[in-house]
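Notes follow once the structure below has been shown.
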Amino acid sequence: MKTVVIKLSGSLFSFDKDYSQVKKITKTLDEISRNGYNVVAVAGGGKTARNMQNAARNFHADEAFLDQLGIDVSRIHAKILTTCTTNSCQDIPKTLDEVVRYLSSSKIVFTGGLSPGQSTNATAALIAERTKAKLFVNATDVDGVFTSDPRKNKNAKLIKSITTKNLLSKVVDNKMSAGTYDLMDLLSLKIIERSKIPTIVIKCDSGRIKSAISGKSKGTKITS
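Numbering (our numbering), first residue to last: 4 to 227.
Put into structure tokens, the structure is as follows:
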């Protein structure tokens with residue numbers, strides 16, 4: 004059975020009185036699973052994690068503590084997702100080995116971060132590597148990789164395809180601290196590059212996730 008790993012943007016978990024997008028996405032994951040795929044969905048920490056990390060940073064917590072705080076929040080998000088479908092493992096794996104073991108159930112595996120020092124993007128990339136995934140889908144809060152941040156520059160243009168080498172050059176100088184990872188950080192790109200993992204960056208939307216799995220993505224394809 005082929006495996007797909009989907010990183011779900013932390014922005015999905017704002018839970019601002021509207022749960023429809025979460026329901027739509029879990030329904031899509033359920034359909035993908037029932038169509039013969041092993042599905043691993045990695046939940047991001049999002050604004051909730053960043054707010055908690057900023058508060059703890061203000062109280063002089065170190066980066067390792069902040070990393071663990073982000074992991075805890077992402078795992079709570081993953082636990083919430085297990086309540087949205089009966090076709091999922093109820094336990095949240097804590098290690099790569101547990102992810103692999105839970106996949107043998109043929110149910111959707113929801114998880115969050117696993118190790119301090121890694122973004123949930125890197126966690127998802129490691130899971131894709133370990134499970135020899137057919138595809139790694141990074142579902143973010145923007146439509147893909149752009150020439151600049153589209154949230155700040157309305158003239159930014161979508162890049163339909165980019166190599167890991169070129170994308171690495173764009174992020175290598177970024178400061179990496181807890182809660183600040185954007186799209187694909189250095190570690191996740193290195194993992195994708197070394198294992199040549201087919202990767203697509205799209206907006207976190209049920210229809211776009213379905214299109215990505217069927218090979219009709221309108222986001223950004225990352226090639227090795």
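For glycine and all other residues, C-beta sits at the position ideal for the given N, C-alpha and C.
Should residue i and residue j be called a contact, given that it needs their Cβ atoms to be closer than 9 Å?
i: C87; j: K10; result: no
i: I203; j: F139; result: yes
i: K155; j: T223; result: no
i: G120; j: K221; result: no
i: G48; j: G116; result: yes
Using three-state DSSP, classify residue i as helix, strand or coil.
i: Y184; result: With a pLDDT of 44 at Y184, under the threshold of 50, the modelled position of that residue is not reliable, and no figure is offered here.
i: M89; result: According to the sequence displayed, residue 89 carries Thr and not Met. Looking at T89 - three-state DSSP - the assignment turns out to be coil, as it is neither helix nor strand.
i: Y105; result: helix
i: K178; result: Low per-residue confidence applies at K178: pLDDT is 44, beneath 50, and the placement is therefore not dependable enough to give any value.
i: K224; result: strand
Residues bridged to residue i by DSSP?
i: L192; result: BP columns for L192 are empty, so no partner.
i: V148; result: I162
i: I9; result: A44 and V140
i: I205; result: A142
For the candidate residues the options, whose alpha-carbon lies nearest to that of residue i?
i: D188; options: H63, A159 and N141; result: N141
i: N74; options: R104, N90, A125 and F62; result: In the sequence under discussion, the amino acid at residue 74 is Ile, which differs from the Asn named in the question. Here the closest residue by C-alpha is A125.
i: L190; options: I205, P201 and V174; result: V174
Let me know if residue i comes out buried or exposed under the rule of 16 or more other beta-carbons within 10 Å of its beta-carbon.
i: T114; result: buried
i: R104; result: exposed
i: Y40; result: buried
i: T6; result: buried
i: R78; result: buried
i: F16; result: buried
i: K157; result: exposed
i: K199; result: exposed
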